[in-house]
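Trainee: Residue numbers for the first sequence follow the working numbering, so the first one is 2 and each next one is one higher.
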Amino acid sequence: MSGDSNLQEKVSDSSEATSRDSFKVQSCPECGSSRLMRDYECAEVVCMDCGIVVAAKIADRGPEWRAFDDEQRSKRTRVGAPLTYTIHDKGLSTTIDWHDRDVYGKSLSPGQKAQVYHRLRKWQRRIRVSDATERNLAFALSEITKISNNLSLPKSILETASVIYRKAVKERLIRGRSIQGVTSAAIYLACRQCGLPRTLDEIAQSSTVNKKEVGRSYRFLIRELDYKIPPLRPSQYITKFSNQLTMQGKVEEIAHKILASAKQLKLTSGRGPTGIAAAASYVASVLTGERKTQREIAEIAQVTEVTIRNRYKELVERLMFEISI
DNA sequence: AAGACGAAAGTGGTTGA
DNA sequence: TCAACAACTTTCGTCTT
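1. Applying the criterion that 16 or more other CB atoms from any shown protein chain within 10 Å of the CB defines a buried residue, is E293 buried or exposed?
2. Can the beta-carbon of I88 be found closer than 8 Å to that of L174?
3. Can you give me the Cβ contacts of A280 inside the same chain, cut-off strictly under 7 Å, excluding the 5 residues immediately before and after it?
4. Please state whether DSSP places R310 in a helix, a strand or coil.
5. Use the C-beta contact count for F242: other C-beta atoms within 10 angstroms, 16 or more gives buried, fewer gives exposed.
6. On the CB-based measure, 16 or more other CB atoms within 10 Å of its CB, does L138 come out buried or exposed?
7. What distance in whole Å lies between the Cβ atoms of P235 and T200, which are believed to be in contact at a cut-off of 8 Å?
8. Taking only three categories from DSSP, how would you classify D22?
9. DSSP three-state call for A187: helix, strand or coil?
10. Is the segment 143-160 touching the segment 185-198, taking contact as three or more C-beta pairs under 8 Å?
11. Can you grab the Cα-Cα spacing for the pair S153 / K264, in whole Å?
12. Measure the CB-CB distance between A302 and A278 and report whether it falls below 8 Å.
13. Indicate whether the contact test is met: 3 or more Cβ pairs, each with one atom in the segment 221-229 and one in the segment 158-172, closer than 8 Å.
14. Quick check on the DSSP output: the beta strand (DSSP E) that includes R39 runs from which residue to which?
15. Should S208 and R178 be called a contact, given that it needs their Cβ atoms to be closer than 8 Å?
16. Ordered along the chain, which non-local residues of its own chain (more than five positions away) have a Cβ less than 6 Å from that of S23?
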């Protein structure tokens, strides 16, 4: 903490604010201004408009040291990498570097190397992955990472899927099920939870299990872990398809508009979201003159041309009817 | 000739008795 | 467990551009 102790005492008399809630202050109680300045030298929060001290004795949450370059920063920092659920011990344990060098960067002698290889690493492994559950978790999480990398999913999905799998382990749901099935299902569940449109097929293709198994495990997880997952909205698919079809932003915009009207006309309920999204994309592509064939869209949307035609027919019929009225 | 259209039969999943 | 059902797929012939 930095600051003049005399000054701190003085302001502590004039203000009841504690360091804990000073961080929550959003606006000045006197003039309502939101232009507040945190002065860590004086440990105060000051209103920039009327000059009143809004909070005092605030805690400086930054580091107490200064660093002028990267090297100094890495030397002075006392915390490690953030916690991650994607590693079975949350990334807390020590990892032995694969460079066989000592702390000074010198190569190890052959004798020392043998020692490092055979003793240190062996015990390191034994300590890190101690029992069967740990081993299971370590294997499963590496599977999740693999599938997630295959599908180039964002890191947040990877973390979410890892948390879901951990929950499943905690509830003892893995017993008697294939790890691959549950890991794939956890990824699919994470995608659904985050509103990322990925199909069961895509997940199945990136893992070793088939679509049916992923689906079964997914339903099992939903039921047992009590998840409430809303069905994917067609609009989420439109964005995905537009990207894959490299359509202009305008086409996507029109497709969204078509979808909104279709929803109002109750054309969307009970229908597969992919089919509707594909049809809306098709209509939009025709309307804008940036025409895509039904087959192109069908291939990307993983539905048949017939389905696109059926949805498209309904859309055109009803929308034209609405317009004519 | 490619793409669009539509009919008919088949498939896999859900629902309710 | 099984039949009924809706949505969707597959296949194939025909029409349009």
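The beta-carbon is built from N, C-alpha and C at its ideal position, and this holds for glycine as well.
Mentor: Let's see:
1. It is Lys, not Glu, that sits at residue 293 in the sequence shown. Flag for K293 reads buried.
2. No; because the gap between Cβ atoms is not below 8 Å, this pair is not in contact.
3. A distance below 7 Å between beta-carbons, with the five flanking residues on each side excluded, links A280 to the following residues of its chain, in chain order: I309, R312, Y313 and L316.
4. Looking at R310 - three-state DSSP - the assignment turns out to be helix.
5. Here F242 is buried, its C-beta having at least 16 other C-beta atoms within 10 Å.
6. With 16 or more other Cβ atoms within 10 Å, it is buried.
7. A Cβ-Cβ separation of about 14 Å leaves T200 out of contact with P235 under the 8 Å criterion.
8. Summary for D22: the model assigns pLDDT 46, below 50, so the residue's position carries little reliability; its value from the coordinates is reported in the next sentence. Shown here, D22 sits in a helix according to DSSP, grouped into three states.
9. Of the three classes helix, strand and coil, the one that applies to A187 here is helix, per DSSP.
10. By the criterion of at least three beta-carbon pairs nearer than 8 Å, the segment 143-160 is in contact with the segment 185-198.
11. One C-alpha to the other measures close to 31 Å.
12. The beta carbons of A302 and A278 sit closer together than 8 Å.
13. Output reads yes: the segment 158-172 touches the segment 221-229.
14. DSSP places R39 inside the beta strand (DSSP E), whose first and last residues are L37 to D40.
15. Against a cut-off of 8 Å, the Cβ pair of R178 and S208 comes out as no contact.
16. Bear in mind that a pLDDT of 46 at S23, under 50, signals an unreliable position, so the number given afterwards is only what the model happens to contain. The residues are V46, A56 and I59.
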